[in-house]
Amino acid sequence: MVPTSPSAVVSNRVMTPHRLLAVLLVVTLLAVPFVVQSSFWLTFWTMTLLAAVLGQSWNILGGYGGQSSFGHAAFFGTGAYAAAILQVRFGVDARLAAIAAIGFGAIAGAAIGMLSFRYGLRGSYFALVTMAFAEVFRIIAVAWPLTGGGAGLNVPLHAGAATLQFVDRRGYYWAALALVAISIGLAAWLERSRFGAWLVALRENEAAAQALGINIFRVKLGAITLSAALAASAGVFYTQYFLYLDPGIAYGPGYSIEALLGPIIGGTGTVLGPLIGAISLHLLGRLATAATGGAPGLDLAFYGVLLIGILAFLPRGLTGLGAGVNWPSAWRRSRG
Amino acid sequence: MADGGDAAPALLELAGVSRRFGGLLAVDSVALQVMQGGIVALVGPNGAGKTTLFALIAGFLKPDRGRIRFAGRDIAGLAPHLICRRGLARTFQIVQPFGALSVRENIAVGAHLRHAGRRAALAHATAMAERVGMAGMLDQPAAELTIAGRKRLELARVLATGPRLLLLDEVMAGLTPPEIAAIVPVIRGLADDGLTIVMIEHVMQAVASLADEVHVLNQGRLIARGSLAEIAADPVVVEAYLGHGAAAKLGGGTAGVGGG
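Residue numbers (our numbering), protein chains in the order written: chain X, 125 to 460; chain B, 717 to 976.
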C-alpha cells in the first residue's frame, strides 16, 4: 500500500488554523518598522523579538525535550559577555566576535549538559542545577577583571555594518526579526527531523525511548547545545543593541525568567508558541503599566494576576486555545 | 542444561546470569539458550524474576555476574540503545506510549533507528502499523488508545526498529479473550517471517498455541524447560505455582488438598 504522503496528512490536521495565525504574524512583524514611528514602540517591538528568540531557545530544550531550564541566562549572558569581551579587550572584529560568542554559548551549554545529563538529572533537579550555574557565572562575572566586574563593560560606539551597530534603530529591528526567523526555522526543522522525533520521544518517556535505540544522553546534549547557541545569539544581540553589560543583566534571573515565560504562556513544544508568548507578555506588560497609571509596583502586581489567570485557564498555552479552556471544576459544575 | 543444538550457535545465550537487589536474589545463575527462529515462552509465578531477566538482557539493568551473548557477541552491561541497535528489542509489561504523539508518530520513533529521513520513517511506520493490525488508527493520539491498542502499538514501535530477537513482556495481559485471539496470529506471523521471539506470558492458551518451548522461572532460577505439556506434568513446576506438597496431593489423587 502506498502511503499517501504522511507529512501532508499531519500538516492538514494541525496547520490550518495555525497557518492563518502565522501569516498574520508575519504581516504584522514585517509592517512594524514602516508603521511604527516612535522610538519607544520600535524598542518595544525589538525587545519583544529578542524575547521570542530567547524563548525559542528555551523551547528547544524545555518544550520539545522536556528539560526545563531555570538558568538560560547562563547561555544568554555568555553570548553577551563573549561578544563584548572579544571586541573590547581583544579588538576582535564584531562579526567574528558574534560568531565566536555563539560558539562560546554552545560550549557552555554542552558543558552544563554534560555535567547534568551524565548524572541523569531531570525535572526540578535539572532546573535547580541550571539556576545554580547561572548564579555561579554571575558571581564569576562580578569577580573577574576581564568582564569589568560589577561596574560592567562598555562597547565603544562605532556605527556601521562591520561593527554590527546600526544608526537607524530599524536596523536592529530587522536583525532581531532575522534571528526570530532562524529560531522558528530551527523549531520547524525539529518537528520534521529524526533528531526532533528522538527529542520529543525522550520527553514523553525516557525508558521507552532507550528501548527504541535512542541514545538519550547524546540527544539531550545536542538539544542543550543548540538551545544554548541560540540563547547566546540573543545575548550577542543585546550587547550590540545596548553596548553595555553588567553581571546582573547578563546572568541575573531576569533573562532566565524571560526565556521560560514566553514559551510557557505561548505553548511549549510548538513552533510559534515562544513568539506568540513573547508578544502577549510584552503587550500585557504595557497594558498593566497603562491600566495602573504608573503607580509604582502596581503594574507588576496587575501583570502577575494576569499571568496567573493565563496559567490557570490555559495550561497548554495560548496556542492550545483550540483545545479549549480549562475551567476550574467549581465553575464547570455551576455551568452545568 | 545446554544440551542439544550444538550444530548451530544460539542467537541468545545466557550463562550464570545473576542480579541481586539488596537481600533478594532476583535472578539466580540463569543459563538459557535461544535458537534462531521460533517462539520461546518464559513462564513462572509472580515475582519469579521474569521481567528482571528481560531488563538484564535488554540492558536496562546490569547483571552482577554472568555472561549474555547475542548473535555471537557479548552484550552484558551494554546500554539499552546499543543493544537495540544490534537487533535485540523489548516491549514493556506496563505499556509506555509517547502519549502526546499519534500512533504513526509513535511508531516512526522506532523506525528512525534505521531510517534517517522523516518521510521514510513515517512510511515504514505505516507498514508496521498494518503488520500489527493498526492501519485504521494511524492518526489517533496514543494517549486515547485502549489497552489492547497500546499493546499493539508497543509491538509495532519495537518492530519498527528492525529487530532479530524480540522480548515480549506480557503483551496479552489485560486483554479480553477475543483480543487475545486477535493478537495471537500477529505474533505467529512475526515468527513465520523469521523473527525469534521470547515471550513472558501468563495466558496459557496463548503459550499453548504459540510457544515451541517453555522455560519456567521460579524465585530467580530456571527450574524446568520443555513443551507446555511436559512442564505442566512436572511436579517441580506444579509445586512452584501451587505450593510445597501440592504435586504429591494432586498426583496421589487423594481428596486431602485442604486437609491439613
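Glycine residues also receive a C-beta, built at the ideal position from the N, C-alpha and C atoms.
Are any of the Cβ atoms in chain B nearer than 7 Å to that of Gly339(X)?
It is worth fixing the name first, because residue 339(X) is Asn in this sequence and not Gly. For Asn339(X), the answer is yes, since a Cβ of chain B falls inside 7 Å of its Cβ.
How would you call His931(B), buried or exposed, if buried means at least 16 neighbouring beta carbons within 10 angstroms?
Burial call: buried.
With burial defined as no fewer than 16 other Cβ atoms inside 10 Å of the residue's Cβ, what is the status of Gly195(X): buried or exposed?
So Gly195(X) counts as buried.
Can you give me the C-alpha to C-alpha distance between Ala355(X) and Ala285(X), rounded to a whole angstrom?
In a straight line, the C-alpha of Ala355(X) is about 22 Å away from that of Ala285(X).
Can you tell me which residues form a DSSP beta bridge with His931(B)?
Answer is Leu758(B), Arg941(B), bridged to His931(B).
To the nearest angstrom, how far is the alpha carbon of Leu245(X) from that of Glu955(B)?
Going from the Cα of Leu245(X) to the Cα of Glu955(B) covers about 45 Å.
Of the residues Gly390(X), Leu411(X), Val429(X), which one's Cα is nearest the Cα of Leu438(X)?
Nearest option by C-alpha distance: Gly390(X).
Between the beta-carbon of Ala321(X) and the beta-carbon of His828(B), is there less than 7 Å?
Contact: yes.
Identify every residue that forms a DSSP beta bridge with Ile784(B).
Partner(s): Leu730(B).
Could you check if Leu727(B) is buried or exposed, using at least 16 other CB atoms within 10 Å of its CB as the buried criterion?
With 16 or more Cβ atoms within 10 Å of its Cβ, Leu727(B) is classed as buried.
May I ask which residues mark the beginning and end of the alpha helix (DSSP H) holding Val160(X)?
Per DSSP, Val160(X) belongs to no alpha helix (DSSP H) and is neither H nor E.
If you follow the alpha helix (DSSP H) that Ile209(X) is in, where does it begin and where does it stop?
Ile209(X) -> alpha helix (DSSP H) spans 197–212.
Report the residues of the region 166–192 of chain X with a CB closer than 9 Å to any CB of chain B, ordered along the chain.
So the list is empty, because no residue satisfies the distance condition.
Does the Cβ-Cβ distance between Ala824(B) and Ala845(B) come in under 7 Å?
Going by C-beta atoms, Ala824(B) is not nearer than 7 Å to Ala845(B).
For my contact list, Leu817(B) and Ala774(B) are in at a C-beta cut-off of 8 Å; report their separation, rounded to the angstrom.
Rounded, the Cβ-Cβ distance is 22 Å, inconsistent with contact.
So which residues on chain X does Arg806(B) lean against when the C-beta distance must stay under 9 Å?
Result: Ala335.
Quick one: grab the DSSP three-state call for Asn183(X).
Asn183(X): helix per DSSP, three-state reduction.
Residues in the same chain with beta-carbon distance under 7 Å from Ala222(X), minus the five sequence neighbours each way, listed in chain order, please.
Within the same chain, Ala222(X) has close Cβ partners Ala207, Leu288, Val360.
Roughly how many angstroms lie between the CA atoms of His922(B) and Ile899(B), to the nearest whole one?
This sequence places Ala at residue 922(B); His is not what is there. Cα-Cα distance, rounded: 9 Å.
If contacts are defined as beta-carbon pairs under 8 Å, then Ala325(X) and Ile338(X) qualify, I think. What distance do you get, rounded to the angstrom?
Confirmed, Cβ separation roughly 6 Å.
Could one say the Cβ of Phe814(B) lies closer than 7 Å to chain X's Cβ atoms, at least one of them?
Yes, because at least one Cβ of chain X sits closer than 7 Å to the Cβ of Phe814(B).
Would you check if there are 3 or more beta carbon pairs closer than 8 Å linking the region 396–407 of chain X to the region 177–188 of chain X?
A contact exists between the region 396–407 of chain X and the region 177–188 of chain X.
Can the beta-carbon of Trp182(X) be found less than 7 Å from the beta-carbon of Pro377(X)?
Contact flag unset, no.
Thinking just about the alpha-carbon of each residue, which of Ala265(X), Gly346(X), Val304(X) is nearest to the one in Ala146(X)?
Here the closest residue by C-alpha is Val304(X).
Between Thr392(X) and Gly237(X), how many whole angstroms is the CB-CB distance? I'm expecting something under 8 Å.
Contact flag wrong, Cβ pair sits at about 19 Å.
Given Gly754(B), which residues of its chain have a CB within under 8 Å of its CB, disregarding the five upstream and five downstream residues?
For Gly754(B), where only same-chain residues beyond five positions count, the Cβ hits under 8 Å are Ala907, Thr912, Ile913, Asp928, Glu929.
Please specify which runs of the alpha helix (DSSP H), each continuous and at least 4 residues long, are wholly inside the region 272–321 of chain X, giving them in chain order.
Counting whole runs of 4 or more residues, the region 272–321 of chain X contains the alpha helix (DSSP H) stretches 293–315.
Is the distance from the Cβ of Ala940(B) to the Cβ of Pro951(B) below 7 Å?
No, these two residues do not count as a Cβ contact at 7 Å.
By how many angstroms is the C-alpha of Ser193(X) removed from the C-alpha of Leu252(X)?
Distance between the alpha carbons of Leu252(X) and Ser193(X): 8 Å.
With DSSP as the reference, identify every bridge partner of Leu913(B), one or two as the case may be.
Note that residue 913(B) corresponds to Ile in the displayed sequence, not to Leu. Ile913(B) pairs with Ile755(B), Leu882(B).
Assign Asn822(B) to buried or exposed, taking buried as 16 or more other Cβ atoms, counted over all protein chains shown, within 10 Å of its Cβ.
Classification of Asn822(B): buried, given that the 10 Å Cβ count is 16 or more.
Where do the N-terminal and C-terminal ends of the alpha helix (DSSP H) with Val253(X) fall, by residue?
Here the alpha helix (DSSP H) through Val253(X) covers 247–267.
Apart from the five residues on each side of it in sequence, which residues of its chain come closer than 8 Å, Cβ to Cβ, to Tyr957(B)?
Once the five neighbours on either side are set aside, the close Cβ partners of Tyr957(B) are Pro761.
In this structure, how does DSSP classify Phe737(B) when only helix, strand and coil are distinguished?
Three-state result, Phe737(B): strand.
Can you give the Cα-Cα distance for Tyr427(X) and Ala436(X), rounded to whole angstroms?
Taking the straight line joining both Cα atoms gives about 14 Å.
Quick one: which residues of the region 767–780 of chain B get their C-beta closer than 9 Å to a C-beta of chain X? List them in chain order.
Per Cβ criterion, the list reads Ala774, Gly775, Phe776.
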